[in-house]
Structures are given as structure tokens and as C-alpha cells.
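In my numbering, the protein residues as written are 38 to 239.
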């Protein structure tokens with residue numbers, strides 16, 4: 038009888054030890070997995086938005102890398118969802134982007150910020166008053182559209198086909214040209230920082 042009790046005790050001890058080992062193994066695997074995940078998160082956080090899209094790690098963005106960084110932006114501009122931008126959508130969106138406080142008007146301060154960050158290459162004149170045709174100290178969407186109607190802004194984005202519509206590819210090319218401020222065919226981190234400070238608020 039004592040032998041039988043001892044045998045059961047031995048079996049119970051071995052079973053308990055095996056279960057404890059399995060539990061410890063699972064906890065170890067979980068800890069390693071969490072550490073691995075944390076390393077990935079830390080690496081991503083340290084990389085920053087520019088490095089995130091610099092896929093080949095050469096310190097500049099090519100057009101494909103830039104396109105990946107703005108891949109969701111076109112849909113925000115294409116309000117009717119037809120896959121292209123007409124002039125109404127283009128100027129409606131650029132007006133909204135410049136209207137930083139969303140009050141449906143553009144103050145001279147907002148104009149100046151946009152002029153130096155977004156549309157300065159296309160404005161016929163840098164003078165806010167030239168666009169404020171009713172002299173009320175603010176630009177409404179009609180004044181905005183009228184002021185740029187004779188400029189090359191929309192046409193520059195429309196590309197060579199000049200079909201009065203901007204495709205997603207043309208949109209990305211137009212943005213790429215704006216961000217590439219020194220026109221060397223690539224976007225370095227300094228150009229990214231200079232433009233992104235304004236663009237990230239759109």
C-alpha cells in the first residue's frame with residue numbers, strides 16, 4: 038500500500054513539474070514576443086515620417102516613394118469620387134487648405150502663410166489686396182477662384198494633355214514638383230521639413 042501511495046505521489050510530482058515547465062515556456066515566449074514588438078515600435082518611432090517612406094534608405098525620396106507618402110490625399114481632393122479633379126474641386130480644396138481656421142474665408146495672415154508654403158509660384162501677384170476685390174479684408178472662395186483663374190496653377194498640375202482634368206498620377210507629379218523646391222528631381226529631408234510643416238495641417 039505504501040508503495041502504491043509513493044507511486045501516485047511520484048506521478049503527481051512529475052505531472053506538476055511538467056505543467057510548470059510548460060507554463061514557464063509560454064511566459065518566456067510571450068515575453069520575447071512582447072520585447073520583439075516593442076523593438077519594432079521603438080524603431081518605427083525613431084525612424085520619423087521621412088525615413089518611413091525612404092524605402093531604399095538613400096536619404097531622398099524618389100517619385101514612387103513620394104507617391105506612397107501621399108497616396109490617400111487624392112481621394113480627399115476628389116470630392117465627387119470620379120477619379121479625377123476638375124477646376125472646381127482643385128480650387129475648392131486649395132481654398133479650404135489655406136483657410137486654416139475653417140471660417141470659409143482667408144485672412145491676410147492665412148494668405149501670407151499659404152503664399153510662402155503652397156501657391157507662391159502660381160499667384161499672379163503676391164499682394165493680398167489684389168485678390169480681395171471687395172476690399173473687406175478677407176478672401177471668399179469666389180475671389181480665390183477668380184484670382185487664380187488666369188494663373189498656371191491648375192494647368193501645371195494638369196500636365197501635358199491639358200484636358201481640364203487632373204488624374205491621380207498628374208496630382209502626385211504636381212505635388213512632387215512643389216515639394217522639390219530646388220528642382221533636382223528628388224526630395225531630401227530639408228525639403229520635406231520645409232513643406233511638410235504646412236502640408237501636414239491640410
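We put the beta carbon where it would ideally sit given N, CA and C, even for glycine. The model shown is predicted, which means the values in this text are computed figures rather than measured ones.
Verify whether the separation of the beta carbon atoms of residue 111 and residue 178 is less than 8 Å.
On the chain shown, position 74 is the one that residue 111 refers to. On the chain shown, position 141 is the one that residue 178 refers to. No, the pair does not count as a contact, with Cβ atoms beyond the cut-off.
Give the list of continuous beta strand (DSSP E) stretches no shorter than 3 residues that lie fully inside the stretch 83-130.
none
Just confirm the distance between the C-beta atoms of residue 181 and residue 143, as a whole number of angstroms; I'd bet it's less than 8 Å.
Taking the chain shown and counting its residues from 1, one reaches residue 181 at position 144. Taking the chain shown and counting its residues from 1, one reaches residue 143 at position 106. Confirmed, Cβ separation roughly 7 Å.
Name the two residues that bound the continuous alpha helix (DSSP H) containing residue 168.
Mapped onto the chain shown, residue 168 falls at position 131. 165-168 is the span of the alpha helix (DSSP H), which, as asked, contains residue 168.
If you draw a straight line from the alpha carbon of residue 138 to that of residue 176, how long is it in whole angstroms?
Locating residue 138 in the chain shown gives position 101, counting from the first residue. Locating residue 176 in the chain shown gives position 139, counting from the first residue. Using only the alpha carbons, I get a separation of about 13 Å.
Are the stretch 95-103 and the stretch 213-226 in contact at 8 Å, needing three or more beta carbon pairs?
yes
If you draw a straight line from the alpha carbon of residue 157 to that of residue 149, how long is it in whole angstroms?
What you label residue 157 is simply residue 120 of the chain shown in a count that begins at 1. What you label residue 149 is simply residue 112 of the chain shown in a count that begins at 1. About 9 Å.
Please work out which residues of its chain come closer than 6 Å, Cβ to Cβ, to residue 113, disregarding the five sequence neighbours upstream and downstream, and give them in chain order.
Looking up residue 113 in the chain shown gives position 76. None.
According to DSSP, residues forming a beta bridge with residue 221:
For this step, residue 221 is matched to residue 184 along the chain shown. Beta-bridge pairing links residue 221 to no other residue.
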